[in-house]
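Protein chains: 2
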Amino acid sequence: MGMSAGAVAEPTELGLRERKKRQTRDAIREAAVRLVADRGLERVTVDEIAQAANVSPRTFFNYFRSKEDALAGIDKDEIEETCAALRARPADEPPLSAVAAILVGRLERKMLDPQIQQARVQMHQSHPQLFGVHAATWRNFERRLAEVIAERTGLSADEDPYPATVVAVAMAVVRSTISHWQATENPSAATLSENLRAGFDSVARGLTPPAPPPEPSGPSPAERSPTGAV
Amino acid sequence: MGMSAGAVAEPTELGLRERKKRQTRDAIREAAVRLVADRGLERVTVDEIAQAANVSPRTFFNYFRSKEDALAGIDKDEIEETCAALRARPADEPPLSAVAAILVGRLERKMLDPQIQQARVQMHQSHPQLFGVHAATWRNFERRLAEVIAERTGLSADEDPYPATVVAVAMAVVRSTISHWQATENPSAATLSENLRAGFDSVARGLTPPAPPPEPSGPSPAERSPTGAV
DNA sequence: CGCATCTTTTCACTGACTGCAAACTTGTAT
DNA sequence: ATACAAGTTTGCAGTCAGTGAAAAGATGCG
Chain Y
32 MGMSAGAVAE
42 PTELGLRERK
52 KRQTRDAIRE
62 AAVRLVADRG
72 LERVTVDEIA
82 QAANVSPRTF
92 FNYFRSKEDA
102 LAGIDKDEIE
112 ETCAALRARP
122 ADEPPLSAVA
132 AILVGRLERK
142 MLDPQIQQAR
152 VQMHQSHPQL
162 FGVHAATWRN
172 FERRLAEVIA
182 ERTGLSADED
192 PYPATVVAVA
202 MAVVRSTISH
212 WQATENPSAA
222 TLSENLRAGF
232 DSVARGLTPP
242 APPPEPSGPS
252 PAERSPTGAV
Chain X
32 MGMSAGAVAE
42 PTELGLRERK
52 KRQTRDAIRE
62 AAVRLVADRG
72 LERVTVDEIA
82 QAANVSPRTF
92 FNYFRSKEDA
102 LAGIDKDEIE
112 ETCAALRARP
122 ADEPPLSAVA
132 AILVGRLERK
142 MLDPQIQQAR
152 VQMHQSHPQL
162 FGVHAATWRN
172 FERRLAEVIA
182 ERTGLSADED
192 PYPATVVAVA
202 MAVVRSTISH
212 WQATENPSAA
222 TLSENLRAGF
232 DSVARGLTPP
242 APPPEPSGPS
252 PAERSPTGAV
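Those protein sequences? They're chains Y and X, same order as listed.
Under the working numbering, the first residue of the first sequence carries the number 32, and numbering increases by one thereafter.
Under the working numbering, the first residue of the second sequence carries the number 32, and numbering increases by one thereafter.
This is how it looks when you write it as structure tokens:
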């Protein structure tokens with residue numbers, strides 16, 4: 032088949048085969064996301080996704096291991112980037128602060144595209160099963176970060192539970208805060224970062240309880256501690 | 032069929048129906064865990080589990096929504112019990128301590144049957160997908176505990192992120208510690224509790240890093256610190 | 001063109017899971 | 001005891017997810 036007259040602007044590094052494959056993959060993913068966003072996860076069959084993407088059902092499984100897999104967007108590169116960012120923090124910074132900083136930064140960057148991010152979070156809220164697909168990846172993510180913390184503290188990631196604990200706790204703060212932030216009518220999107228920082232502050236203070244709001248019964252006014260940096 | 036001579040010591044609060052249901056449920060769960068621990072998740076079919084539990088395959092699905100569901104370590108009753116236990120802690124105890132206490136207690140009680148429990152933990156390690164199924168349940172569990180913490184602290188679980196954070200962090204400590212404990216050759220099963228307590232202590236101290244062990248670079252092997260713990 | 005290689009499709013199959021109606025068990029009022 | 005209401009288990013028939021194998025169709029290349 033001769034090349035069509037309109038020369039492709041792209042420097043066609045990849046052969047026709049590779050291009051077609053990518054195209055097919057994208058078509059399937061796009062069809063899956065569109066259909067699921069429309070009707071919900073269990074109201075969409077693989078056959079329908081395949082049909083919408085103009086491929087056979089079997090081809091769907093040539094590209095994705097499961098229906099959920101087609102909806103995932105997990106990036107190995109991001110793990111590496113985040114590890115590098117953690118390594119780049121000042122060496123004398125306390126581990127929790129360092130992890131907090133990179134996780135908050137990551138979130139802030141992601142929130143720049145609220146459309147996609149909101150949709151993704153929403154999807155995880157309404158289909159917690161999707162969490163399962165990512166579980167292995169997140170576990171790996173935590174492990175890698177823990178290794179970096181181990182380097183920074185001079186501990187052994189295998190022997191000492193501390194690095195893993197710091198990372199796990201930090202992740203928990205992020206998850207919990209996002210969930211809480213989603214659940215409340217959030218006045219402004221910007222406050223997520225503030226909430227995160229407040230959460231990390233609270234952990235850094237050993238999770239001592241904050242002063243409750245003024246109760247009608249017996250107000251015992253403990254002084255509010257000034258919320259500084261993490 | 033007459034009751035056997037050995038009269039049941041239990042004060043039969045529940046009718047025969049309810050008792051049989053629990054019995055069936057337990058039988059299915061036990062069969063599922065045992066078989067999966069033996070052969071791995073994908074080498075066991077629902078039919079086999081049902082057969083091992085002496086019920087029809089259809090009955091399996093009357094009790095559990097999926098194969099994975101039968102392996103979930105938490106049910107509604109347990110959530111209620113744990114919430115009650117948390118409510119029963121001294122009112123002046125710091126929230127983190129209270130949650131730590133009930134979670135450690137729960138774990139210790141479960142570890143009384145190391146066969147099953149070990150298998151269960153192992154399963155989660157080798158089949159991270161199971162987290163997906165648990166995600167919804169655990170989320171609910173966390174939510175209920177957070178509500179109790181909210182009661183205890185006089186905060187609003189909806190408005191203040193603190194209760195959810197405490198619970199989420201505590202859960203993270205437990206998960207992380209179990210995982211770490213599993214990964215290391217554990218000399219004795221009893222040290223899990225100690226590790227958990229150490230982890231919670233560390234959090235209570237704001238996750239400040241512990242002192243690192245002597246560095247291997249210099250050929251001056253300082254005496255090993257008499258670390259009883261970890 | 002002709003051949004090796006890769007991709008897609010078809011087919012047949014196992015296993016998860018659901019709805020429905022029949023059969024059976026238990027609680028209870030008579 | 002008996003009978004009836006209500007709950008539980010089961011078999012059956014069917015849909016959908018997911019896999020292996022081999023035929024059929026593209027593509028790359030000499």
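Built from N, CA and C at the ideal position, the CB exists for glycine as well.
Out of Y/Y94, Y/F95, Y/S97 and Y/D78, which one is the CA nearest neighbour of Y/P88?
Here residue 88 of chain Y is taken as the residue at index 57 of the first sequence, counted from 1. Nearest option by C-alpha distance: Y/D78.
Measure from the C-beta of X/S224 to each C-beta in chain Y and report whether the shortest distance is under 9 angstroms.
Counted from its first residue, the second sequence places residue 224 of chain X at position 193. Not one chain Y Cβ lies under 9 angstroms of X/S224.
On the DSSP letters alone, give me the boundaries of the alpha helix (DSSP H) that X/E112 sits inside.
Numbered from its first residue, the second sequence carries residue 112 of chain X at position 81. Residues K107 to R118.
Tell me the DSSP secondary structure of Y/K141 in three-state form.
If you number the first sequence from 1, residue 141 of chain Y lands on position 110. Looking at Y/K141 - three-state DSSP - the assignment turns out to be helix.
Using a Cβ-Cβ cut-off of 9 angstroms, state whether Y/S256 counts as contacting chain X.
Along the first sequence, one-based indexing puts residue 256 of chain Y at 225. Since pLDDT at Y/S256 reaches only 41, below the 50 mark, its modelled position is unreliable, and the value read off the structure follows with that caveat. No, no contact with chain X.
Exposed or buried, which one is X/P240 when buried takes at least 16 other CB atoms within 10 Å?
Counting from one through the second sequence, the residue named residue 240 of chain X turns up at place 209. Its Cβ being crowded by 16 or more others within 10 Å, X/P240 is buried.
Beta-carbon within less than 6 angstroms of X/L227's beta-carbon, same chain only, minus the 5 sequence neighbours each way: which residues are those?
Sequence index remark: in the second sequence, residue 227 of chain X carries index 196 (1-based). Around X/L227: V135 and T208.
List, in chain order, every chain Y residue whose beta-carbon is nearer than 8 angstroms to that of X/D189.
The residue given as residue 189 of chain X occupies position 158 in the second sequence. The contacting residues are A214 and T215.
Which of the residues in the region 121-155 of chain Y, read from start to end, lie with their CB under 7 angstroms from any CB of chain X?
Listed by position along the chain: P125, P126 and L127.
Output yes or no for whether 9 angstroms exceeds the beta carbon distance between X/V75 and X/A63.
For the purposes of this step, residue 75 of chain X is taken as residue 44 along the second sequence, with counting starting at 1. For the purposes of this step, residue 63 of chain X is taken as residue 32 along the second sequence, with counting starting at 1. In this structure, X/A63 lies closer than 9 angstroms to X/V75 by Cβ.
Counting only runs that start and end within the region 122-205 of chain Y, where is the alpha helix (DSSP H) found for 4 or more residues in a row?
Within the region 122-205 of chain Y, the complete alpha helix (DSSP H) runs of at least 4 residues are 126-141, 145-157 and 161-184.
Within 9 angstroms of any Cβ in chain X, is that where the Cβ of Y/L161 sits?
Here residue 161 of chain Y refers to the residue found at position 130 of the first sequence. So, interface residue.
Starting from the Cα of Y/D108, find the closest Cα among Y/Q160, Y/N93 and Y/R175 and give me that residue.
Here residue 108 of chain Y is taken as the residue at index 77 of the first sequence, counted from 1. Nearest of Y/Q160, Y/N93 and Y/R175 to Y/D108, Cα basis: Y/R175.
For Y/A115 and Y/R236, I'd like the C-alpha separation in whole angstroms.
Start at 1 with the first residue of the first sequence, and residue 115 of chain Y comes out as number 84. Start at 1 with the first residue of the first sequence, and residue 236 of chain Y comes out as number 205. So the two alpha carbons sit approximately 27 angstroms from each other.
Where does Y/P243 sit, in a helix, a strand or coil, going by DSSP?
The sequence position of residue 243 of chain Y within the first sequence is 212, counting from 1. Note: Y/P243 maps to coil in three-state DSSP.
Quick check on Y/R96: does DSSP put it in helix, strand or coil?
Counted from its first residue, the first sequence places residue 96 of chain Y at position 65. Correct three-state label for Y/R96: coil.
Report the three-state DSSP secondary structure of Y/G46 (helix, strand or coil).
Locating residue 46 of chain Y in the first sequence gives position 15, where the first residue counts as 1. Looking at Y/G46 - three-state DSSP - the assignment turns out to be coil, as it is neither helix nor strand.
Check distances from the C-beta atoms of the region 200-212 of chain X to those of chain Y and list, in chain order, the residues that come in under 9 angstroms.
Correct list: V200, A201, M202, A203, V204, R206, S207, T208, S210, H211 and W212.
Which of the three DSSP states is assigned to X/R56 in this structure?
The residue labelled residue 56 of chain X in the question sits at position 25 within the second sequence. It is helical.
Y/E173 and Y/M202 look like a contact to me (Cβ under 8 angstroms); what is the Cβ gap, rounded to whole Å?
Numbered from 1 along the first sequence, position 142 holds the residue referred to as residue 173 of chain Y. Numbered from 1 along the first sequence, position 171 holds the residue referred to as residue 202 of chain Y. Contact holds; Cβ gap of about 6 angstroms.
Can you give me, in chain order, the residues of the region 225-237 of chain X that have a beta carbon less than 7 angstroms from any beta carbon in chain Y?
Residues passing the 7 angstroms Cβ filter: N226, G230, S233, V234, A235, R236 and G237.
If X/A181 sits next to X/S187, beta carbons under 8 angstroms apart, how far is it from one beta carbon to the other, in whole angstroms?
Along the second sequence, read from residue 1 onward, the residue named residue 181 of chain X stands at position 150. Along the second sequence, read from residue 1 onward, the residue named residue 187 of chain X stands at position 156. Rounded, the Cβ-Cβ distance is 6 angstroms, consistent with contact.
Taking DSSP as the reference, what is the three-state secondary structure of X/A84?
Numbered from its first residue, the second sequence carries residue 84 of chain X at position 53. It is coil, neither helix nor strand.
With three or more C-beta pairs closer than 8 angstroms as the rule, is the region 92-102 of chain Y touching the region 113-128 of chain Y?
Taking 8 angstroms as the limit for Cβ pairs, the verdict is that the region 92-102 of chain Y does not touch the region 113-128 of chain Y.
Mapping the DSSP letters down to three states, classify Y/V64 as helix, strand or coil.
Here residue 64 of chain Y is taken as the residue at index 33 of the first sequence, counted from 1. In this structure, Y/V64 counts as helix in the three-state DSSP scheme.
Can you give the beta carbon distance from X/L238 to Y/V204, rounded, assuming they're within the 8 angstroms contact cut?
For this step, residue 238 of chain X is matched to residue 207 along the second sequence. For this step, residue 204 of chain Y is matched to residue 173 along the first sequence. Contact doesn't hold; Cβ gap of about 11 angstroms is too wide.
Measuring alpha carbon to alpha carbon, tell me which of Y/I133, Y/P121, Y/N93 and Y/L223 ends up nearest Y/R56.
If you number the first sequence from 1, residue 56 of chain Y lands on position 25. Y/R56 has its Cα closest to that of Y/N93, out of Y/I133, Y/P121, Y/N93 and Y/L223.
Looking at X/P121: is its Cβ nearer than 9 angstroms to the Cβ of X/A131?
On the second sequence, position 90 is the one that residue 121 of chain X refers to. On the second sequence, position 100 is the one that residue 131 of chain X refers to. No, the pair does not count as a contact, with Cβ atoms beyond the cut-off.
Please tell me whether Y/Y94 has its Cβ less than 9 angstroms away from any Cβ of chain X.
Residue numbering aside, residue 94 of chain Y sits at position 63 when the first sequence is read from its first letter. Not closer than 9 angstroms to any Cβ of chain X, the Cβ of Y/Y94 fails to qualify, so no.
Alpha helix (DSSP H) containing Y/V234: first to last residue?
Here residue 234 of chain Y refers to the residue found at position 203 of the first sequence. Taken as a continuous stretch (DSSP letters only), the alpha helix (DSSP H) holding Y/V234 covers T222 to A235.
Can you tell me whether DSSP reads X/L72 as helix, strand or coil?
Here residue 72 of chain X refers to the residue found at position 41 of the second sequence. DSSP places X/L72 in helix when its eight states are reduced to three.
Under 9 angstroms between beta-carbons, which chain Y residues line up against X/T311? List them in chain order, please.
Chain X is shown from 32 up to 261; residue 311 of chain X falls before or after that span and cannot be answered.
Between Y/G71, Y/R151, Y/T184 and Y/L143, which has its C-alpha nearest Y/L127's C-alpha?
Walking along the first sequence from the start, residue 127 of chain Y turns up at place 96. Ranking Y/G71, Y/R151, Y/T184 and Y/L143 by Cα distance to Y/L127 puts Y/T184 first.
Whole angstroms is fine: what's the gap from Y/A199's alpha carbon to Y/G46's?
By one-based count along the first sequence, residue 199 of chain Y stands at place 168. By one-based count along the first sequence, residue 46 of chain Y stands at place 15. One C-alpha to the other measures close to 44 angstroms.
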